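Asks:
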Amino acid sequence: MKRPKRIRKQNNLFNTRKLRRDDEIERNENETTTNTMNVLIVNAGSSSLKFKLFHKDTLKSISSGIIEEIGGSSSTVSYKLHESDDERNGLETKTKVESHKDAFDIVMDLLTKGKIEKENVKPVISSGKDLLGVGHRVVHGGWEFKEGAIVDEEVIKKIEQVSNLAPLHNRANLKGIQEAKEAFDGVPQVAVFDTCYHQTLPPHAYMYAIPWNIYEEKKVRKYGFHGTSHFYLAKKAAELVGKELKECNFITLHLGNGASACAIRNGESIDTSMGLTPAEGLMMGTRAGDMDPTATFHMTEGTFDADKIENMLNKESGFKGICGKSDVREIQKMAEKGGEEGERAKLALDMFCYRIEKTVGSYYIVLNGRIDGVIFGGGIGEHAVQLRERIVTSLGCLGLTLDEKKNEEKTRERREESESWSSPRTKN
């Protein structure tokens, strides 16, 4: 079978030697507002579309936005310019967006015209020809993809083949790819997979102790997720400690509504907490994480309903299941108020931190006690100062220390310098 075209490094997806067009693009200086080619990154969900435009050379963000409740009675469109001196540098409006096709039409209008309905801001490109490429986040690459791929028909077929492993995510991601190809005709499309970074896991780490024929027939094994985040955190942390990534051992924590941990040896993922799907591992906003799989039969009172179980474990569990809320900021406020709700909120936070501490401890052993840092990322990892301090303090027996001053700093400039470095380092 013909192999899909691959991209050797996910952090260099739009290598101009690979994607540079043969014909020079003529620009009308009166229309365009940029002097270089740009890269558009999109993340298509089942009812949402997130997008961000970057300078190709500097990788600085130019603008970003999100379209929510696609297909609903009323959709929210939010858009912001990141490099504008204009007083009006963003907009938010309600409108009807019936499909992902409509959503991409809106993205094109925002980028090229800076307007939607009566709202308007400064345009940032003159046309789709100002784009070097469009990058797509695809959740599950399964066994088919070990690195990013330039999208062609074969790549689309392979994504479809593994979509049963993440039906909600991958089908939405595919829809985003197909609509982007229509909206930005002739612009190269690139798929980057959450699972790729974890393709270096050894068999003893990714195999489940289930009948071998099930593994062979259905490819049931650990794949891991948040790979692009774990790779970025490790790469950035290596820069901060002044080492090559291949010389570093890290434990990275992507802590957001979805949460996962990763053990990194010599720059490569050797274990991670999520598994066949994102439901395994740490406790999360609405996901249960690790639990006895047979407990599901008791929860459904003897009536096996796979859809009901999947929905319960992915959307009604985790923080939400314990205390009714999934946002850590709200949960921390609840915990401070006390009472029955406060006790449940405190329990949820205790469970969350305990599972992280237990996972970090096990990865510390796997890495033979030689780590260059524990790296925090994601919304909770970046902003939850008290939880970071609590987790690191509990791991003091491993020789971890925390820079309390940096841990308290919250400015954007500090985060950009040390997003992964509000983390502790081991004592030498």
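946 is the number that my numbering gives to position 29 of the sequence shown; each next residue is one higher, with no gaps. We treat Cβ as the ideally placed atom computed from N, Cα and C, and that holds for glycine. Remember, predicted model here, so these are calculated numbers, not experimental data.
What's the call for N945, buried or exposed, on a 16-neighbour Cβ count within 10 Å?
Replies: Here the model assigns N945 a pLDDT of 38, short of 50, so the residue's position is not dependable, and the following value carries that caveat. Exposed: under 16 other Cβ atoms inside 10 Å.
Asks: Measure the Cβ-Cβ separation of D1022 and A1100 and say whether it is below 8 Å.
Replies: yes
Asks: Counting C-beta neighbours from all protein chains within 10 Å, is the total for C1179 16 or more, i.e. buried, or is it exposed?
Replies: buried
Asks: Can you name the start and end residues of the alpha helix (DSSP H) that V1277 belongs to?
Replies: 1256 to 1283
Asks: The alpha helix (DSSP H) spanning S1147 covers which residue range?
Replies: The sequence shown places His at residue 1147, not Ser. Element bounds for H1147: 1144 to 1158.
Asks: Would a C-beta distance cut-off of 8 Å place G1259 and A1252 closer than the cut-off?
Replies: Contact: yes.
Asks: Would Y1280 and D1207 qualify as a contact pair, given that the criterion is a beta-carbon distance under 8 Å?
Replies: No; because the gap between Cβ atoms is not below 8 Å, this pair is not in contact.
Asks: Are the beta-carbon atoms belonging to G1141 and V1109 less than 8 Å from one another?
Replies: no
Asks: Please state the DSSP three-state secondary structure of E1326.
Replies: coil
Asks: Compare the C-alpha of K1059 against each of N1231, L1193, N1324, G1255 and name the closest.
Replies: Before going on, a small fix: residue 1059 reads as Gly here, not Lys. Here the closest residue by C-alpha is L1193.
Asks: Output the distance between the C-alpha atoms of F1167 and A1083, rounded to the nearest integer angstrom.
Replies: The C-alpha of F1167 lies about 28 Å from the C-alpha of A1083.
Asks: Classify Q1303 as buried or exposed, calling it buried when 16 or more other Cβ atoms lie within 10 Å of its own Cβ.
Replies: exposed
Asks: Who does K997 pair with in a DSSP beta bridge?
Replies: S981, G1007
Asks: Take every Cβ of the segment 1196 to 1206, pair it with every Cβ of the segment 1125 to 1134, and state whether three or more of those distances are shorter than 8 Å.
Replies: no
Asks: Skipping 5 residues on each side, what residues in its chain have a beta carbon closer than 6 Å to that of G1295?
Replies: H1171, L1172, G1173
Asks: Measure the Cβ-Cβ separation of F968 and S978 and say whether it is below 8 Å.
Replies: no
Asks: Under a Cβ-count criterion, where at least 16 other Cβ atoms within 10 Å of its own Cβ denotes burial, should E1096 be classed as buried or exposed?
Replies: By the 10 Å Cβ count, E1096 comes out buried.
Asks: What residues in its chain sit with their C-beta under 7 Å from that of A1020, if we drop five residues either side in the sequence?
Replies: L966, I984, I987, V1014
Asks: Can you find the residues in the same chain that come closer than 6 Å, C-beta to C-beta, to T949, ignoring five residues on each side of it along the sequence?
Replies: With a pLDDT of 41 at T949, under the threshold of 50, the predicted position of this residue should be treated as unreliable, though the coordinate-derived value follows. Excluding sequence neighbours, T949 sits near S1043.
Asks: Report all residues from its chain with a CB closer than 8 Å to the CB of T1203; omit the five preceding and five following residues, and keep chain order.
Replies: N1174, N1231, K1232, E1233, S1234, G1235, F1236, K1237, G1238, S1243
Asks: List the endpoints of the continuous alpha helix (DSSP H) containing R1311.
Replies: Correcting the residue type first, residue 1311 is Ser in the shown sequence and not Arg. That run of the alpha helix (DSSP H) goes 1302 to 1311.
Asks: If we call anything under 8 Å between Cβ atoms a contact, is K1135 one with L1118?
Replies: no
Asks: Residues in the same chain with beta-carbon distance under 8 Å from E941, minus the five sequence neighbours each way, listed in chain order, please.
Replies: In this predicted model, E941 has a pLDDT of only 39, less than 50, meaning its place in the structure is not dependable; the value taken from the coordinates is given anyway. None.
Asks: Determine the burial state of P1105: buried for a count of at least 16 other Cβ atoms within 10 Å of its Cβ, exposed for fewer.
Replies: The residue is buried, with at least 16 neighbouring Cβ atoms inside 10 Å.
Asks: Is the CB-CB distance between I1292 and T1112 below 8 Å?
Replies: Cβ atoms of I1292 and T1112: not closer than 8 Å.
Asks: Short check: CB of E1274 to CB of L1319, under 8 Å?
Replies: no
Asks: Assuming D1047 and N955 form a contact by the criterion Cβ under 8 Å, report the distance between their Cβ atoms to the nearest whole angstrom.
Replies: 6 Å
Asks: For N1087 and R1054, which I take to be in contact (beta-carbon distance under 8 Å), what is that distance rounded to the nearest angstrom?
Replies: That pair is no contact at about 11 Å.
Asks: Measure how close the beta-carbons of V994 and I958 come, nearest whole angstrom, since I'm counting them as under 8 Å.
Replies: Not confirmed; about 18 Å, so no contact.
Asks: When the Cα atoms are used, what is the spatial distance from D1289 to G1184?
Replies: 11 Å
Asks: Start and end of the beta strand (DSSP E) containing I1073?
Replies: No beta strand (DSSP E) holds I1073; the alpha helix (DSSP H) holding it covers 1070 to 1078.
Asks: Would you kindly work out how many angstroms separate the C-alpha atoms of T1217 and V1056, rounded to a whole number?
Replies: Separation of T1217 and V1056 (C-alpha to C-alpha, rounded to the nearest whole angstrom) is 28 Å.
Asks: Grouping DSSP H, G and I as helix and E and B as strand, with all else coil, what is N1231?
Replies: helix
Asks: Looking at H1300 and S1186, is the spacing between their C-beta atoms short of 8 Å?
Replies: no
Asks: Closest to G1050 by C-alpha separation, out of A1265, I1094, S1080, would be which residue?
Replies: I1094
Asks: Skipping 5 residues on each side, what residues in its chain have a beta carbon closer than 8 Å to that of K1160?
Replies: D1289
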